[in-house]
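Remarks on the structure that follows.
Shown next as C-alpha cells:
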C-alpha cells in the first residue's frame, strides 16, 4: 500500500468519522426537540447540518488544533516547551525515527480516525449517546502508543488530563445549569396566563437553542473529529469543514434515530420547558470548553443536562438503568477505541 | 415564530364558531323536546328539529375544517392532539343532543307523563353547564387560570343534574298507573338528557388536562 493509498484512506477515515459523528453526536442536538415532539426528525436533521457546518467553520479551529497535534508530542521543540528541559539525544533520535515529518504519520491518523469511527458506530447501534471526541482523543493516544510504545515523554499528559477532567466536569456543570434553568422556567410556567402562547414561545426557543447547540457541536466535537485531517491538510480547512458538515448531516439522517430517541425519550420525560433548559445548558457547557480549546463530549453535556431537568421533578423521574448503561458506554468506548487503535496500528505497520 | 406552526388565531376563531353551532344544536334540541312533551309532534317541533340537525351539520363542517388545518401543521404537534380530542368531546355533545330527537320524536314516543318542570330544570342546568364550558374554551386562548375556574363549576351543576335525574327515575318507577315498557321509555329519556351533563363535564376534564400538562 503506497503513501497515496494511505492518504486516501486517511481522508476516507476522516469522512467516516464525520458520518459517525452525525449518527451519534449530532443526534444529541436534535434528540430533545424531536423527543418533545416539537419538530420532525427530518427537519431537525436539516437544521442541525447547517449549524454544525457553521460552528466548525467559525469556531472549530481551537479544538481542531488540540486533537490534531496537541496530545502526542511530535517535535523536539514541542518536547522542550512542554517538559521545560532540553531533549536528550535518545529522545531526539526517537523523535526523528517516529515522527520524521514532525507530525503523526498518515497511517497513524488514519488508524486513529478509523478506530474512533468504529467505536462510535458500535455505540450508536447500541443506542448509547456517545461522543466522537471521546473516541478520537483515546484513539489518537492509542495510535501514539502504537508508534512510540509506553513512553510517557511523548505524551502531553496535562492536555489529556484536562480533557478527561472535562469529561467529568462537563456533565456535572450542564446538570447544574439545566436544573436551575428548568426550575426557573417551571416557576414562570405556573404563573403565565396564556399557556398556549407560552408553549409556542418555549418551542421556538428550543428550536433556536438546538441550532445554537448544533453550532457549539460543530465547534467542539465536529472540530475534534476533523482535527487530524486539518493537521495534514492545513490549507484545506474550509473544504474539510464543508464536506464534513454534509457527512454529519447524512450520518444523522441515515442512522441517528436510535440515539435521538435515547436522548429525547429514554432518560426522562421532557416537556417544552425541560427541552429548552436541557438544550441551553448543554450548549453553554460546550461553548465554554470549546473556547478553552478542550474537546468535550456533547453526549455527556446533553445527558447531564437532561438528567438535571429530570431531577427537578425528583430522582424517580430518571431512568437509572439507562443512565448506568450510558455511563458504562462512556468508560468502555475510549478504552475500546484506544485499544483498537494500538492493535490496528501495530498490525498495519507490521504488514506495510 | 407563530407562523412556523400555522395560524393559531385562525384555529381559535374556528373553535369558537364550532362551540356556537354546538350550542345552537343543544338549545334547539331542548326547545324541540319541550314543545314535543307538551303538545306532541307539531310543525314547531319539526322546525326546531330541522334547525338542530342543521346546526349539528354546520358544526361538523367547522370541525372538519379545523382538523384540516391541524393536519396541515397548525399548532404544535402535542397541542394538535389535545385539540383534536377536545373537538371530539364537544362534538359528542352535539351528537347526543341530536340523538335525543332521533330517539324519541322520530318514533313518536309518548312522553306526556314525564314531570315537565323537572325536565325543564335539567335542560336549564345543562344549558348553563355548556355556557360555562364555552366560556372556558374561549378564555383558554388568553387566560388559562380563569378557564380552569369556569370548568371547575361544571361538576357542581353535573351533580345537581344527577340528583334530579335520580329523583325523576324513582318517581316514574314508583308509579303504578303506567306499564313497565312505558317506565323504561321514560327512564331512557331522562337518562339520555342527564347524560349530556356527563359529556359536558368530561369535556371540561379534557380542558383541565390540556392546561395541567402545560403549566410546568
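Protein chains in written order, with my numbering: chain W, 162 to 513; chain B, 21 to 236. Even for Gly, the Cβ is constructed at its ideal location relative to N, Cα and C.
Test item: CB-CB of residue i and residue j under 9 angstroms
i: residue 274(W); j: residue 167(W); result: no
i: residue 291(W); j: residue 300(W); result: no
i: residue 378(W); j: residue 459(W); result: yes
i: residue 30(B); j: residue 109(B); result: no
i: residue 142(B); j: residue 210(B); result: yes
i: residue 190(W); j: residue 205(W); result: yes
i: residue 410(W); j: residue 187(W); result: yes
i: residue 331(W); j: residue 465(W); result: yes
i: residue 337(W); j: residue 498(W); result: no
i: residue 421(W); j: residue 231(W); result: no
i: residue 161(B); j: residue 32(B); result: yes
i: residue 211(W); j: residue 412(W); result: no
i: residue 178(B); j: residue 137(B); result: no
i: residue 146(B); j: residue 213(B); result: yes
i: residue 469(W); j: residue 343(W); result: yes
i: residue 477(W); j: residue 335(W); result: no
i: residue 216(B); j: residue 117(B); result: yes
i: residue 367(W); j: residue 194(W); result: yes
Residue i: CB within 8 angstroms of a non-hydrogen atom of the ligand MG
i: residue 156(B); result: The ligand MG is not part of this structure, which contains no ligands at all.
Inter-residue spacing [alpha-carbon to alpha-carbon] between residue i and residue j
i: residue 392(W); j: residue 317(W); result: 17 angstroms
i: residue 500(W); j: residue 282(W); result: 16 angstroms
i: residue 403(W); j: residue 355(W); result: 43 angstroms
i: residue 322(W); j: residue 451(W); result: 16 angstroms
i: residue 189(B); j: residue 419(W); result: 58 angstroms
i: residue 288(W); j: residue 505(W); result: 25 angstroms
i: residue 414(W); j: residue 364(W); result: 22 angstroms
i: residue 93(B); j: residue 348(W); result: 29 angstroms
i: residue 305(W); j: residue 183(W); result: 26 angstroms
i: residue 100(B); j: residue 113(B); result: 20 angstroms
i: residue 84(B); j: residue 34(B); result: 10 angstroms
i: residue 51(B); j: residue 140(B); result: 9 angstroms
i: residue 216(W); j: residue 341(W); result: 26 angstroms
i: residue 191(B); j: residue 129(B); result: 19 angstroms
i: residue 481(W); j: residue 97(B); result: 28 angstroms
i: residue 65(B); j: residue 40(B); result: 21 angstroms
i: residue 246(W); j: residue 310(W); result: 22 angstroms
i: residue 206(B); j: residue 91(B); result: 43 angstroms
i: residue 502(W); j: residue 307(W); result: 7 angstroms
i: residue 196(B); j: residue 124(B); result: 23 angstroms
i: residue 507(W); j: residue 278(W); result: 18 angstroms
i: residue 164(W); j: residue 513(W); result: 10 angstroms
i: residue 22(B); j: residue 199(W); result: Here residue 22(B) scores only 36 on pLDDT, less than 50, and its place in the model should not be relied on; the value that follows carries that caveat. About 13 angstroms.
i: residue 196(W); j: residue 296(W); result: 26 angstroms
i: residue 496(W); j: residue 346(W); result: 39 angstroms
i: residue 360(W); j: residue 203(W); result: 22 angstroms
i: residue 231(B); j: residue 440(W); result: 24 angstroms
i: residue 369(W); j: residue 214(W); result: 16 angstroms
i: residue 173(W); j: residue 260(W); result: 22 angstroms
i: residue 76(B); j: residue 427(W); result: 44 angstroms
i: residue 223(B); j: residue 234(B); result: 17 angstroms
i: residue 201(W); j: residue 324(W); result: 34 angstroms
i: residue 234(W); j: residue 510(W); result: 20 angstroms
Identity of the residues DSSP links to residue i by a beta bridge
i: residue 316(W); result: 233(W)
Touching or not, the segment 166 to 181 of chain W and the segment 366 to 377 of chain W, by the rule of three or more beta carbon pairs under 8 angstroms? no
For the 8 angstroms Cβ check, are there 3 or more pairs between the segment 215 to 231 of chain B and the segment 161 to 172 of chain B? yes
For the segment 92 to 108 of chain B, enumerate the residues whose C-beta is nearer than 7 angstroms to any C-beta of chain W, in chain order. 96, 97, 98, 99
For the segment 458 to 491 of chain W, list every residue whose C-beta sits within 8 angstroms of some C-beta in chain B, in sequence order. Sequence-ordered contacts of the segment 458 to 491 of chain W with chain B are nonexistent [C-beta pairs closer than 8 angstroms].
Check each residue of the segment 165 to 194 of chain B: if its Cβ is closer than 7 angstroms to any Cβ of chain W, include it; give the result in chain order. 165
Chain W contacts from the segment 133 to 161 of chain B (Cβ-Cβ distance under 8 angstroms): Within the segment 133 to 161 of chain B, the residues whose Cβ lies closer than 8 angstroms to any Cβ of chain W are, in chain order, 160, 161.
Relative to chain W, which residues along the segment 216 to 236 of chain B have a C-beta separation below 9 angstroms, given in chain order? 230, 231, 233, 234, 235, 236
Using a Cβ-Cβ cut-off of less than 9 angstroms, list which residues of the segment 169 to 203 of chain W approach chain B; keep chain order. Those would be 197, 198, 199, 200, 201, in chain order.
So, do the segment 433 to 448 of chain W and the segment 467 to 477 of chain W have three or more beta carbon pairs nearer to each other than 8 angstroms? Result yes; three or more Cβ-Cβ pairs closer than 8 angstroms.
If you pair each beta-carbon of the segment 246 to 263 of chain W with each one of the segment 486 to 495 of chain W, do three or more pairs fall below 8 angstroms? no
Just checking, does the segment 40 to 48 of chain B make contact with the segment 66 to 78 of chain B on the three C-beta pairs under 8 angstroms criterion? Yes, the segment 40 to 48 of chain B touches the segment 66 to 78 of chain B.
Which residues of the segment 260 to 286 of chain W have a Cβ closer than 9 angstroms to any Cβ of chain B? Give them in chain order. Contact residues of the segment 260 to 286 of chain W toward chain B are absent (C-beta to C-beta distance below 9 angstroms).
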